[in-house]
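If you're matching them up, the sequences are chains A and B in order. In case it helps, our numbering puts the first sequence at residues 907 to 1233. In case it helps, our numbering puts the second sequence at residues 907 to 1233. Every residue, glycine too, gets a C-beta built ideally from N, C-alpha and C. The structure displayed is predicted, hence computed values, not measured ones. Reviewing the structure listed below.
Protein chains: 2
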Amino acid sequence: MVRFATIGTNIITHEFLSAAAKHPEFRLQAVYSRSVEKAQAFNQAYGAPLLFDSLEELAACPQVDAIYIGSTNYVHAPQALTMLSGGKHVLVEKPAGSNLREVRAMVDTAKSHGLIFMEAIRNVYQPGYEIIRNNLHKIGAVRRMVAIYCKYSSRYDAYKNGTLLNAFRTELSNSALMDIGVYCIHPMVKLLGMPDSVTATSTLLHTGFEGAGTVILNYRDKQGVALYSKIVNSALPSEIQGEKGSIIMPHITRLAGSYIQYNDGTQEPLPIPQEEDGMYHQVRAFLDAIAGRLDTAKSDQASLDEAAVMEEARQQTGIHFPADDAR
Amino acid sequence: MVRFATIGTNIITHEFLSAAAKHPEFRLQAVYSRSVEKAQAFNQAYGAPLLFDSLEELAACPQVDAIYIGSTNYVHAPQALTMLSGGKHVLVEKPAGSNLREVRAMVDTAKSHGLIFMEAIRNVYQPGYEIIRNNLHKIGAVRRMVAIYCKYSSRYDAYKNGTLLNAFRTELSNSALMDIGVYCIHPMVKLLGMPDSVTATSTLLHTGFEGAGTVILNYRDKQGVALYSKIVNSALPSEIQGEKGSIIMPHITRLAGSYIQYNDGTQEPLPIPQEEDGMYHQVRAFLDAIAGRLDTAKSDQASLDEAAVMEEARQQTGIHFPADDAR
């Protein structure tokens, strides 16, 4: 039995709880919100026995083993560090931190306390990710991975009407790259490794908020190209281009339906099952890591590489977060 | 009646002649090759009355009105300038020149002699190009155009076996961008205009030849992204991303089948006919321009912009042509 608390009361936390409920060892023990009223309202559907409006008290609570953090980007790391220091395992929404320093602090703190830290980046925990990795050799030398995720944000209408919701506020460590592009960057660095260099350009909205961008990961013999946006949709699939053929993924976050298109014109479907709802496999991995059945060294490295690439991209595009100034 | 000569005896010149034969005012008057034997062999299928192995004599021949140049990239401009100076109209294969200076020289020379210069870049002369332009307003503010053309070159096998064919020789002004990426760059600058800046990265093969690359055209409020390759195929379509929906093009050189995917999930097919064989519409435009029925100011500008973008991209990726040093 792993006793969880949640931080954050947005839709993503509901999604987490829906996925988590399918795992028998999961138990929702506590709900945190900045106000008890919001915690109570959120908890109505779940009935967790404990409510918190103090992070320090939650961190100190001996009846909680692990925390899911689904709050706004800029508080991920400070909240996670508070929880880790209190002896809790932490599963934190993507992007784990505002920058590399924050992610490194979480990884190091977890390690020094013998705790599990994990970034909730669902697409690399789906079964399809490993199936694609295991089939990569079939397409010959990989020369480019094109990862595409462009999603017209429901909050963009408000933005255009002059209302600045959190999702469009740079000072909260939000940006198209942080919120959407991360789904492209993370699987690329996990699959291809850390690039030799990064090349990034962004389309900024009139407030300076990054609405869309393109990040190129440069390797000696190949490229990773991430195309992401919060202000348009895209119908394009993602693709890993090899000299003998391509692996086509209908969507970088939904890998079922992926197939190999060989240069000779033949196709080979990849045996990827329809995924359970979004976070199911992510929660499974986190619980396995807590139980000592899964080593987190590789996921730590992928989160660090992701953060390094995104920080370098932001330096090139001039997107600065207040969190970058903290010491 | 327009009396043509051809320069170049590769497959592309056969394609040109196949398309040109469908136009009643076209007549093949002469064939040029560096050797009379090759000109004779090439001409067997056509029976042109004149054969040349001297560019100067061809340029001076009063029985020839117009030239199609399908030779190797690095000789396009010098050959075109010789022909223009001899009073011939010139249709030159893409890319028109090795760099901006060469393209500007062709445009200026044609203008000063009252002649037609045109770059044979077939995809912007297909009916689909104008149909897409006329439907652009339906997708709202355009935020990105993603143009993808990746074609595993039949000559790449020879390259990997140690045989360096022309298609993989940088000194002939060949590169993945020049040979393949040009099909992406040209329609982007023609549709979106000249970008504020260019960001380019390349994957180089062991000889230094550019096997693939990504070029980003940066505009204040949008991007153009060209993904091109001579060493892999891609199954991805191209896409123009707007705030209300996307225009999806099955292939940047074959526009039939293009459609609009709206944000609300509905689709609208675009009424683009199946194209005639590749160069049919290109030859039509060239003949119309010679007859004074088509102004070439816009096509001149698109060729100049294409050359400027590709030269800037090459400067960033360190791909230098001997033709760049000529004065």
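Check	Outcome
As an exercise, report each continuous beta strand (DSSP E) stretch of at least 3 residues that is fully enclosed by the region 1154-1206 of chain B, in chain order.	1165-1168 and 1173-1175
By the DSSP assignment, the alpha helix (DSSP H) with B/Glu-962 in it spans what residues?	961-966
Spell out whether any CB of chain A is found under 8 Å from the CB atom of B/Lys-1136.	no
Thinking just about the alpha-carbon of each residue, which of B/Arg-1075, B/Ser-924 and B/Asp-959 is nearest to the one in B/Tyr-938?	B/Asp-959
If you compare alpha carbons, which of A/Met-1024, A/Ala-966 and A/Lys-1000 is closest to A/Thr-1193?	According to the sequence displayed, residue 1193 of chain A carries Leu and not Thr. Taking only the C-alpha atoms, the option nearest A/Leu-1193 is A/Met-1024.
How many Å lie between B/Ser-1205 and B/Pro-984 at the Cα?	20 Å
Under 8 Å Cβ to Cβ from B/Tyr-869, same chain only, skipping five residues before and after it: list those, please.	Nothing about residue 869 of chain B can be read from this structure; chain B reaches only from 907 to 1233.
Report the three-state DSSP secondary structure of B/Gly-1250 (helix, strand or coil).	There is no way to answer for residue 1250 of chain B, as the model of chain B reaches only from 907 to 1233.
Can you check whether the CB of B/Ile-975 is closer than 8 Å to the CB of B/Val-996?	yes
Hey, does B/Pro-1101 have any beta-carbon neighbour from chain A nearer than 8 Å?	no
Between the alpha carbons of A/Arg-1049 and B/Ala-1118, how many angstroms are there, rounded?	8 Å
Between the Cα of B/Lys-1136 and those of B/Phe-1115, B/Ser-977, B/Asp-971 and B/Lys-1000, spot the shortest distance and give me the residue it belongs to.	B/Phe-1115
Smallest Cα separation from A/Ser-1059: which of B/Gly-1151, B/Arg-1126 and B/Lys-1000?	B/Gly-1151
By the three-class DSSP mapping on this structure, what secondary structure does A/Ala-972 have?	strand
If you count every other CB in all the chains shown that lies within 10 Å of the CB of B/Ile-1085, and 16 or more means buried, which is it?	In the sequence as displayed, the identity of residue 1085 of chain B is Asp instead of Ile. Flag for B/Asp-1085 reads buried.
Tell me the DSSP secondary structure of A/Phe-1115 in three-state form.	coil
Check this for me: beta carbons of B/Leu-957 and B/Val-981, under 8 Å apart or not?	no
Note down the Cα distance separating B/Pro-1093 from B/Asp-1211, rounded to an integer number of angstroms.	10 Å
So is B/Gly-1148 in contact with chain A if we call contact Cβ pairs under 8 Å?	yes
Considering A/His-995, what are the terminal residues of the beta strand (DSSP E) in which it resides?	995-999
Going by the CB atoms, is the gap between B/Phe-1227 and B/Thr-1076 shorter than 8 Å?	yes
Decide yes or no for the touch test of the region 1095-1103 of chain B against the region 1120-1129 of chain B: beta carbon pairs closer than 8 Å, at least 3 of them.	yes
Taking Cβ positions only, does A/Ile-913 come closer than 8 Å to chain B?	no
How about B/Pro-930: is its Cβ closer than 7 Å to a heavy atom in the ligand ZN?	Of the ligands one can find in the structure shown there are none, so the ligand ZN has no counterpart to examine.
Measuring straight from C-alpha to C-alpha, what distance separates B/Val-908 and B/Gly-993?	13 Å
Using the Cα positions of B/Glu-921 and B/Asp-971, report the straight-line distance between them to the nearest angstrom.	20 Å
I need the boundaries of the beta strand (DSSP E) containing B/Arg-909, first residue and last residue.	908-913
At a CB distance below 8 Å, what residues from the region 1219-1233 of chain A approach chain B? Give them in sequence order.	none
Got a sec, what are the start and stop residues for the beta strand (DSSP E) B/Arg-1050 sits in?	1048-1056
Mind checking the region 1157-1177 of chain A against chain B and listing, in chain order, the residues whose C-beta falls within less than 7 Å of any C-beta there?	Gln-1167 and Asn-1169
Pull the bridge partners of A/Val-1009 from the DSSP assignment, please.	DSSP lists no partner for A/Val-1009.
May I ask which residues mark the beginning and end of the alpha helix (DSSP H) holding A/Val-1138?	Per DSSP, A/Val-1138 belongs to no alpha helix (DSSP H) and is neither H nor E.
Check B/Ser-1152 in the structure and name its three-state DSSP category.	strand
Taking all protein chains shown into account, decide if B/Ser-1081 is buried (16 or more other Cβ within 10 angstroms of its Cβ) or exposed.	buried
If you draw a straight line from the alpha carbon of B/Tyr-1186 to that of B/Gly-1068, how long is it in whole angstroms?	37 Å
Which term fits B/Asn-1040, buried or exposed, when burial requires 16 or more other beta carbons within 10 angstroms of its beta carbon?	exposed
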